[in-house]
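Down below is the structure, laid out as structure tokens.
Numbering (the working numbering), first residue to last: 233 to 509.
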């Protein structure tokens, strides 16, 4: 119980800032729930940039016509802690071919159900490497507060993330603010639809002009294929000249209960649009 003030302080600090959008390798608004203890979640993030950057910049590949495939493996350790691991890959045109991009690791904690908070709350931190031909900043860190709420057939999730580069040209910029928001409506037992927003305002204390910020809106659908599955599909529209204009994304996930048979019981109570990571 003594941990409550520390979590509240972290969330208050995070919401006082404004975010750099997620890269085109993992485009997802997180729900607060974690993978159940003893269960393993394996997800494939498939993101195709139909209209993106067309010129090499500072030695990095343009994003236009690139297909990014990310494998995410998340292990639940107990009722409030999980660890995720990402493998980023890319397939591009004009001789780029299929290449390994980098890896990230992401531990996450959540507020236990026994606390009986009116909203779901969790906090993740992510650190990792991307090759310089794909990102000017090769080593980066992120902290992501996550708040969500189911209101009847409506679902809302807010991720006010903070990001920091440790190796690359934006190191002097310090912390960036990268908010993400999801709003969806449960149309029937199997289908929910809504939108996801991803933004990036640049350096925290010296934000870019609006035209240079990254702003994306994704109309999305979530399909409930059972408690062990996750399926999310969306088409993203860039709203500024600094944002990839058109991205098609899909997340396909499967939960496995390798260690025991109790994990799926908890999954049955989780709304499909909330996800588990």
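Here a beta-carbon is modelled for each residue, glycine too, at the ideal position from N, C-alpha and C. Since this is a predicted model, take the numbers as computed values, not measurements.
Contact set for residue i: own chain, Cβ-Cβ below 6 Å, skip 5 residues either direction
i	result
residue 320	257, 302, 333, 334
residue 453	425, 465
residue 477	283, 470
residue 287	294
residue 481	259, 279, 466
residue 399	370, 371
residue 242	Note that residue 242 has pLDDT 38, beneath the 50 cutoff, so the model's placement of it is unreliable and the number below is only indicative. Closer than 6 Å at the Cβ level, and outside the excluded window around residue 242, lies no residue.
residue 306	267, 273, 314, 316, 509
residue 300	256, 257, 279, 322
residue 401	368
Backbone CA spacing between residue i and residue j [nearest angstrom]
i	j	result
residue 488	residue 274	8 Å
residue 344	residue 311	7 Å
residue 458	residue 376	28 Å
residue 435	residue 412	17 Å
residue 338	residue 415	24 Å
residue 359	residue 409	16 Å
residue 330	residue 446	26 Å
residue 308	residue 276	18 Å
residue 387	residue 354	16 Å
residue 444	residue 432	9 Å
residue 281	residue 346	42 Å
residue 448	residue 468	6 Å
residue 271	residue 442	42 Å
residue 385	residue 418	5 Å
residue 479	residue 473	14 Å
Other residues of its chain near residue i: CB distance less than 8 Å, five sequence neighbours each side excluded
i	result
residue 403	369, 397
residue 293	322, 324, 328, 365, 366
residue 264	342, 343, 351, 352, 353, 354, 378, 379, 380, 389, 506
residue 490	270, 271, 272
residue 285	294, 295, 296, 476
residue 423	453, 454, 455, 456
Check: residue i C-beta below 7 Å from any heavy atom of the ligand FMN
i	result
residue 349	With respect to small molecules bound, the structure shown includes none, and the ligand FMN cannot be examined in it.
Where residue i falls, given that 16 or more other Cβ within 10 Å makes a residue buried
i	result
residue 406	exposed
residue 438	exposed
residue 289	exposed
residue 237	With a pLDDT of 47 at residue 237, under the threshold of 50, the modelled position of this residue cannot be trusted, and the question is left open.
Min CB distance residue i to chain D below 8 Å
i	result
residue 431	Here chain D cannot be found, since the structure has a single protein chain.
Candidates the options: closest to residue i by CA position
i	options	result
residue 315	327, 286, 341, 361	341
residue 296	272, 475, 417	475
residue 486	363, 304, 382, 423	304
residue 336	272, 348, 373	373
residue 291	399, 363, 490, 442	363
residue 421	285, 456, 317	456
residue 394	357, 423, 385	357
residue 298	390, 382, 326	326
residue 382	440, 484, 349	349
residue 318	262, 461, 361	361
residue 462	392, 262, 484, 472	484
Residues of its chain near residue i, where Cβ-Cβ distance is below 7 Å and the 5 sequence neighbours each way are ignored
i	result
residue 451	427, 466, 467
residue 253	Summary for residue 253: the model assigns pLDDT 36, below 50, so the residue's position carries little reliability; its value from the coordinates is reported in the next sentence. So the qualifying residues of the chain are 410, 430, 431, 432, 446, 448.
residue 261	389, 391, 412, 413, 414, 428
residue 440	433, 434
Beta strand (DSSP E) runs wholly inside the stretch 433-472, at least 3 long, in chain order: 446-455, 461-470
Segments of 3+ residues assigned as beta strand (DSSP E) that fall wholly inside the stretch 277-317: 299-308
Sequence ranges, beta strand (DSSP E) only - wholly within the stretch 350-387, length at least 3: 352-362, 371-383
Any beta strand (DSSP E) of 3 or more consecutive residues that is wholly inside the stretch 316-346: 329-342
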